[in-house]
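Peer 1: Chains as they are written, first to last, in my numbering: chain V, 1 to 203; chain L, 204 to 497. What follows is a structure written as structure tokens; I'll ask about it next.
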Amino acid sequence: MDESVLIQQAQKGDLDAFNQLVMLYQTQVYNLSCRMMSDTMLADDVTQETFINAYQHLKSFRGGSFRAWLLRIASNNCYDELRRTKRKPAQDLNPVDPDSGEEVEDPVWLTDDGELPEDFVHSRELEDAIQRCIDQLQAQFKAILIMVDVQGMDYKEASQAADTPVGTIRSRLARARDRVQRCLQGFTELLPAKYRLKDGNAR
Amino acid sequence: MKETMHLTKTQWQLLSAYLDGEVSEEERAQVDTLLASHSQAAEALQALRNTKSLLRMLPQRPVPHNFILTRQEAMVARPGWLVKGLRVLSGVSAAALTALLAFDLFLPMRAAPQPAMLESMAAEEAPLESAAAPLAQEAPEVESMAAPDEEVPIEPFYFEPAPIARGMGGGGGSPSDEPGGIPGIILPDISIKVGGTYSGDSAADQTNEEELTADAEIAAPKDSMNTGPILGVAPPENRGDIIEKNIPRVLPHQTSTVEVRWPSYLLIEVTLLAISLVSALVAIILHRRRRAAR
Numbered sequence: 001m002d003e004s005v006l007i008q009q010a011q012k013g014d015l016d017a018f019n020q021l022v023m024l025y026q027t028q029v030y031n032l033s034c035r036m037m038s039d040t041m042l043a044d045d046v047t048q049e050t051f052i053n054a055y056q057h058l059k060s061f062r063g064g065s066f067r068a069w070l071l072r073i074a075s076n077n078c079y080d081e082l083r084r085t086k087r088k089p090a091q092d093l094n095p096v097d098p099d100s101g102e103e104v105e106d107p108v109w110l111t112d113d114g115e116l117p118e119d120f121v122h123s124r125e126l127e128d129a130i131q132r133c134i135d136q137l138q139a140q141f142k143a144i145l146i147m148v149d150v151q152g153m154d155y156k157e158a159s160q161a162a163d164t165p166v167g168t169i170r171s172r173l174a175r176a177r178d179r180v181q182r183c184l185q186g187f188t189e190l191l192p193a194k195y196r197l198k199d200g201n202a203r
Numbered sequence: 204m205k206e207t208m209h210l211t212k213t214q215w216q217l218l219s220a221y222l223d224g225e226v227s228e229e230e231r232a233q234v235d236t237l238l239a240s241h242s243q244a245a246e247a248l249q250a251l252r253n254t255k256s257l258l259r260m261l262p263q264r265p266v267p268h269n270f271i272l273t274r275q276e277a278m279v280a281r282p283g284w285l286v287k288g289l290r291v292l293s294g295v296s297a298a299a300l301t302a303l304l305a306f307d308l309f310l311p312m313r314a315a316p317q318p319a320m321l322e323s324m325a326a327e328e329a330p331l332e333s334a335a336a337p338l339a340q341e342a343p344e345v346e347s348m349a350a351p352d353e354e355v356p357i358e359p360f361y362f363e364p365a366p367i368a369r370g371m372g373g374g375g376g377s378p379s380d381e382p383g384g385i386p387g388i389i390l391p392d393i394s395i396k397v398g399g400t401y402s403g404d405s406a407a408d409q410t411n412e413e414e415l416t417a418d419a420e421i422a423a424p425k426d427s428m429n430t431g432p433i434l435g436v437a438p439p440e441n442r443g444d445i446i447e448k449n450i451p452r453v454l455p456h457q458t459s460t461v462e463v464r465w466p467s468y469l470l471i472e473v474t475l476l477a478i479s480l481v482s483a484l485v486a487i488i489l490h491r492r493r494r495a496a497r
């Protein structure tokens, strides 16, 4: 069914129509939250909160990109959650090996998705490195980088999602890319050969 | 031959937008020129492209579960009219309390008992009392002579009409002028009748003066006014005699007006504070219950 029809029906109180919209966008909302929060549990909470907030305020949606509207709610929830976790740093819940005293790796890392072990570890390490570089950014820069470079939004939609002028999106994105690029230079050994930067290649 | 250079912030932004195809035609031409003339710019663009590709390589994580809302969650998610109403009530009462406190704080300062102000206020209601006020200020010792066990609001006074200066001192004035004036000062011919109104008419004033004298039982002999030690000025003991009578005074009455309003204000303020706090507290508790129910 057409998205705009679903939105209209959901605005009239049709829960099934709203849930179809949830199914359409839950992966993008969850992934934005995951990248923003860098924590799957928190991302789960934020995503749920986002859809509840969306349902509550559905009548305030006045057209435009529904994805941008949803991601704006999600990013605002992420900012709130980041502020909250900054005030109350959460304790790492990963189990500790009683013999070695070292932290046992996140079970997600141990799942088998068909890749060769070396490739899997390498790609996980690379993903982790990129995520660390993203985590170093301020929340507003982070959100724009994820929306444009990870989720493939154009500037106009990102501007709607971030509730920021296009010019600001442009400058923030350039700065965010610059910082991530500099950060990734510290993980050269993890980067595929064609992505390795020469010395002085970054600005 | 291409030159080596460091990119400025603007050039970097331009390259970044160029990579995304988010530049105008003019900017595109500008970047093309830059890329053609500076090797550093071409390398920077390639580095930007690599970074973007790496970020695009990040895998989409699968959702751990569907985030669809159940009927129960949807009901809970609906805006609670009670919570909303309580929030509004709390806000409104807090605003009203603030306004009342501000009113309470600043208004008494503006309406602080200013003698001149009170006199003018009194003049609007009772011209007689207005005329009496300056005389009362001139003789505070007379006021203090009032018996302390008498009722405070009923502390009226009569007075001898102010001596009329007719220039008798120093040889001024004509023989027809009434003696007892202050040299060099000509005061308006004012006489006051208790409970009546001021009249500018001299003949009527004369009558009123006589009535006043009779009513108030002023013992001062009129002759003594003419035989003052200094050129006809009446001796101090014969001037400004104050006789008690049941006329409410202006000053205590005006001052007590503000004080009488105070307890009712306090009651309203306390009530508003209680409403604001209780409604806010209940709204918070209900909101938390809703969140916990999710």
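Virtual Cβ for every residue (Gly too), placed ideally from N, Cα, C. Fair warning: this is a prediction, and the values are worked out from it, not measured in the lab.
So, helix, strand or coil for V/His-57, using DSSP?
Peer 2: coil
Peer 1: Where does L/His-241 fall in DSSP's three states?
Peer 2: strand
Peer 1: Nearest chain V C-beta to L/Thr-301 closer than 8 angstroms, yes or no?
Peer 2: no
Peer 1: Taking Cβ-Cβ distances below 9 angstroms as the criterion, which residues of the stretch 242 to 259 of chain L are in contact with chain C?
Peer 2: In the structure shown, chain C cannot be found, because the protein chains are V and L.
Peer 1: Give every residue of the same chain whose Cβ lies closer than 6 angstroms to the Cβ of L/Ser-256, excluding the five residues on either side of it in the sequence, and list them in chain order.
Peer 2: none
Peer 1: If you compare alpha carbons, which of V/Leu-6, V/Arg-177, V/Arg-62 is closest to V/Gln-136?
Peer 2: V/Arg-177
Peer 1: Under 8 angstroms: do the stretch 257 to 269 of chain L and the stretch 138 to 151 of chain V share three or more Cβ pairs, one atom per stretch?
Peer 2: Of all C-beta pairs linking the stretch 257 to 269 of chain L to the stretch 138 to 151 of chain V, three or more are shorter than 8 angstroms, placing the two stretches in contact.
Peer 1: Considering only residues of the stretch 1 to 25 of chain V, which uninterrupted alpha helix (DSSP H) runs meet the minimum length of 4 residues and lie entirely inside it, listed in chain order?
Peer 2: 3 to 11
Peer 1: Measuring CB to CB, does V/Ala-139 end up less than 8 angstroms from V/Leu-82?
Peer 2: yes
Peer 1: What's the C-alpha gap between L/Asn-269 and V/Arg-179?
Peer 2: 35 angstroms
Peer 1: Below 8 angstroms on the Cβ atoms is my contact criterion, and I expect V/Arg-72 with V/Ala-10 to pass it. Report the Cβ-Cβ distance as a whole number of Å.
Peer 2: Contact doesn't hold; Cβ gap of about 17 angstroms is too wide.
Peer 1: Is V/Gly-167 helix, strand or coil by DSSP?
Peer 2: helix
Peer 1: From the DSSP output, in three-state form, read off L/Ser-227 for me.
Peer 2: coil
Peer 1: Provide the residue span of the alpha helix (DSSP H) that contains V/Ala-74, from first to last.
Peer 2: 66 to 87
Peer 1: Under DSSP, the alpha helix (DSSP H) around V/Ala-158 begins and ends at which residues?
Peer 2: 155 to 162
Peer 1: Mind listing which residues of the stretch 264 to 292 of chain L have their C-beta closer than 9 angstroms to chain V's C-betas, in chain order?
Peer 2: Arg-264, Pro-265, Val-266, Pro-267, His-268, Asn-269, Phe-270, Ile-271, Leu-272, Thr-273, Arg-274, Glu-276, Ala-277, Val-279, Ala-280, Arg-281, Pro-282
Peer 1: Quick check: the Cα distance between V/Ile-134 and V/Asp-128, rounded to an integer number of angstroms?
Peer 2: 10 angstroms
Peer 1: Express the C-alpha separation of V/Ala-174 and L/Leu-289 in angstroms, rounding to a whole number.
Peer 2: So the alpha carbons of these two residues sit roughly 46 angstroms apart.
Peer 1: With 16 other CB atoms within 10 Å as the buried threshold, where does V/Trp-69 fall?
Peer 2: buried
Peer 1: For L/His-209, does the three-state DSSP call read helix, strand or coil?
Peer 2: coil
Peer 1: Does the structure place the stretch 164 to 174 of chain V close enough to the stretch 211 to 228 of chain L that three or more beta carbon pairs sit under 8 angstroms?
Peer 2: yes
Peer 1: Enumerated in chain order, which unbroken segments of the alpha helix (DSSP H) with a length of 4 residues or greater are wholly contained in the stretch 270 to 295 of chain L?
Peer 2: 274 to 280
Peer 1: What would DSSP say about V/Gly-63, mapped onto helix, strand or coil?
Peer 2: Correct three-state label for V/Gly-63: coil.
Peer 1: Going by other Cβ atoms of all chains shown within 10 Å of its Cβ, with 16 needed for buried, is L/Thr-254 buried or exposed?
Peer 2: By the neighbour-count rule (16 or more Cβ atoms within 10 Å), L/Thr-254 is buried.
Peer 1: With DSSP collapsed to three states, give me the class of L/Val-266.
Peer 2: coil
Peer 1: Buried or exposed: L/Phe-306, going by 16 or more other Cβ atoms within 10 Å of its Cβ?
Peer 2: exposed
Peer 1: Residues of chain V with CB closer than 9 angstroms to the CB of L/Gln-216, please, in chain order.
Peer 2: Within chain V, the residues near L/Gln-216 are Arg-170, Ser-171, Leu-173, Ala-174, Arg-175.
Peer 1: With H, G and I counted as helix, E and B as strand and the rest as coil, what does DSSP make of L/Leu-476?
Peer 2: helix
Peer 1: Work out the CA separation of V/Gln-20 and V/Arg-170 for me, nearest whole Å.
Peer 2: 33 angstroms
Peer 1: From the DSSP output, in three-state form, read off L/Gln-216 for me.
Peer 2: L/Gln-216 falls in the helix class under three-state DSSP.
Peer 1: Give the residues of chain L in contact with V/Cys-34, contact being defined as C-beta atoms less than 9 angstroms apart.
Peer 2: Arg-264
Peer 1: Among the candidates L/Pro-265, L/Arg-491, L/Leu-470, whose CA atom is the shortest distance from the CA of L/Leu-300?
Peer 2: L/Leu-470
Peer 1: Please classify V/Glu-49: is it buried, with 16 or more other beta-carbons within 10 angstroms of its beta-carbon, or exposed?
Peer 2: buried
Peer 1: If you follow the alpha helix (DSSP H) that V/Leu-145 is in, where does it begin and where does it stop?
Peer 2: 139 to 145
Peer 1: Give me the Cβ distance between L/Arg-274 and V/Leu-15, rounded to the nearest whole Å; I'm assuming they're in contact under 8 angstroms.
Peer 2: Between V/Leu-15 and L/Arg-274 the Cβ distance is about 7 angstroms, and since that is below 8 angstroms, they are a contact.
Peer 1: At a Cβ threshold of 8 angstroms, is V/Asp-44 touching chain L?
Peer 2: yes
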